[in-house]
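Residue numbers (my numbering): 16 to 128. Just so you know, even glycine gets a beta-carbon here, dropped at the ideal spot from N, CA and C.
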């Protein structure tokens, strides 16, 4: 029998700003976690060393996007902010390949867990 070594997920830390924005845009903690697990698009965040995750939401008539900005630290992942963007946002800078590989490892480990 072969044993697989799964990478342990870092715990999420919610900032006060992210909690207030989630209340304002009526986003639940589970919804933001879902955006982080299965993003439709990943971009560099506006804040240095952050990554922004996007997932489509809404309907065909009223499209919107849900965004979450995360700062990865060695011990935890800080959710800086979360917001709902009305309509479709323009594509900005994609994430560098090294960061994209690290993010895909987190997503893969989360799906296996």
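On the criterion of 16 or more Cβ atoms from any shown chain inside 10 Å, does residue 39 qualify as buried, or is it exposed? By 1-based counting over the chain shown, the position of residue 39 is 24. Exposed: under 16 other Cβ atoms inside 10 Å.
Could you check whether the stretch 26-41 touches the stretch 70-78, counting it as contact only if at least three pairs of C-beta atoms, one from each stretch, sit closer than 8 Å? no
Below 8 Å between beta carbons: does that hold for residue 85 and residue 51? Walking along the chain shown from the start, residue 85 turns up at place 70. Walking along the chain shown from the start, residue 51 turns up at place 36. Contact flag set, yes.
Report the residue from 94, 102, 117 whose alpha carbon sits nearest the alpha carbon of residue 36. Here the question's residue 36 lines up with position 21 in the chain shown. The residue with the shortest Cα to Cα distance from residue 36 is 94.
With 16 other CB atoms within 10 Å as the buried threshold, where does residue 33 fall? Against the chain shown, residue 33 aligns to sequence position 18. Residue 33 is buried by the Cβ-count criterion.
According to DSSP, what are the bridge partners of residue 73? Locating residue 73 in the chain shown gives position 58, where the first residue counts as 1. Looking at the DSSP assignment, residue 73 forms a beta bridge with 78.
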